[in-house]
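Structure, as structure tokens:
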Ligand SMILES: [Zn+2]
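In our numbering, the protein residues as written are 10 to 299.
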């Protein structure tokens, strides 16, 4: 795994999931996220050993399995303290909550894979965190309580607060728990002025305005597509079907639930804005424009 230095104390291991490293003193570090698996954790440990660093803390930007996958291995090996926003910490301590949230009940076995469910690790509320040189920034929307981590080198690790344009082109609809907050977070990020922005997926950038706007436009385009589909289709499953076909989304049990919960988040926003109403008709959600 290749490591890049972004400041005096700030490093990043660039990979499918970018992992932040912050030097809290000459030989102890705090990680920002741990990747998607135990193997990811082992590779991080290798990088730490090569640099004679030991792991003291982990901050998880949020609880999705691809960000906390190395937690359990690394916590066992180094007895590291793990922090996340309070609600996210419940998911990190009880990873079954993630597929349960997607499914809305005890989840199917096919949802309880490493893609959606990491091994549990012991995580505390970020409010208890006091690491000199690190500041926590609220970036919720993508998930319940996603946080960014700003370092004393003026670098902001943003987790999944936005996604790079390249990845967004590949996955037309990105998972979003709260579309309204997601858009507010994009607006907020545009007002910030960090030297480097490190998203979990994609390229490190100095100026994120274009990327942030692509995320905003993609989100607004989905909202527009939903409203257009509602001109001729009204049942929730028909709406989902059209969105799957239009965006060439792979038909799988996982994608059905990930995309389905995201579309429901759009519906929540549209109901709140009084643009649509939802009733139950013939045992199914029936959605109409106002
Ligand atoms: Zn995520």
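Note that the Cβ used here is the ideal one computed from N, Cα and C, for glycine as well.
Provide the residue span of the alpha helix (DSSP H) that contains residue 262, from first to last. For this step, residue 262 is matched to residue 253 along the chain shown. 262-281 is the span of the alpha helix (DSSP H), which, as asked, contains residue 262.
Considering just the uninterrupted stretch of the beta strand (DSSP E) at residue 206, what are its terminal residues? Residue numbering aside, residue 206 sits at position 197 when the chain shown is read from its first letter. Start and end: 205-208.
What is the C-beta distance between residue 199 and residue 173, in whole angstroms, given that I count them as a contact (C-beta under 8 Å)? Against the chain shown, residue 199 aligns to sequence position 190. Against the chain shown, residue 173 aligns to sequence position 164. In fact, because the Cβ distance is near 16 Å, the residues do not count as touching under 8 Å.
Hey, is residue 71 close to ligand 1, as in C-beta under 7 Å from one of its heavy atoms? Sequence index remark: in the chain shown, residue 71 carries index 62 (1-based). Placement of the Cβ of residue 71 at a distance of less than 7 Å from at least one heavy atom of ligand 1 is found.
For residue 255, collect the residues of the same chain with a Cβ closer than 7 Å to its Cβ; drop the 5 residues on either side in sequence, then sort them by chain order. Indexing the chain shown from 1 puts residue 255 at position 246. Cβ within range, chain order: 234.
I need the straight-line Cα distance from residue 95 to residue 136, nearest angstrom please. What you label residue 95 is simply residue 86 of the chain shown in a count that begins at 1. What you label residue 136 is simply residue 127 of the chain shown in a count that begins at 1. C-alpha separation (whole angstroms): 8 Å.
Among 144, 169, 194 and 150, which has the Cα closest to the Cα of residue 161? Counting from one through the chain shown, the residue named residue 161 turns up at place 152. In terms of CA proximity to residue 161, 144 leads the group 144, 169, 194 and 150.
Tell me whether residue 169 counts as near ligand 1, meaning its Cβ is closer than 7 Å to at least one heavy atom of that ligand. Numbered from 1 along the chain shown, position 160 holds the residue referred to as residue 169. Yes - ligand 1 has a heavy atom lying nearer than 7 Å to the Cβ of residue 169.
Going by the C-beta, is residue 46 closer than 7 Å to any heavy atom of ligand 1? By 1-based counting over the chain shown, the position of residue 46 is 37. Every heavy atom of ligand 1 is 7 Å or more from the Cβ of residue 46, so no.
Compare the Cα-Cα distances from residue 23 to each of 112, 193, 206 and 187 and report the closest residue. Looking up residue 23 in the chain shown gives position 14. Nearest to residue 23 by C-alpha distance, out of 112, 193, 206 and 187, is 206.
Is residue 49 near ligand 1, going by C-beta to nearest heavy atom under 7 Å? One-based indexing of the chain shown puts residue 49 at position 40. Answer for residue 49: no, Cβ out of range of ligand 1.
Do you know how far the Cα of residue 272 is from the Cα of residue 10? On the chain shown, residue 10 is found 1 positions in, with the first residue counted as 1. On the chain shown, residue 272 is found 263 positions in, with the first residue counted as 1. Cα atoms of residue 10 and residue 272: separation of roughly 36 Å, rounded to the nearest angstrom.
At which residue ranges does the segment 129-174 contain complete beta strand (DSSP E) runs of 3 or more residues, listed in the order of the chain? Secondary structure in the segment 129-174: the beta strand (DSSP E) runs of 3 residues or longer, each lying completely within the stretch, are 132-134, 143-147, 156-160 and 164-168 in chain order.
With a threshold of 8 Å, are at least 3 pairs of Cβ atoms found where one atom belongs to the segment 114-129 and the other to the segment 33-42? The segment 114-129 is not in contact with the segment 33-42.
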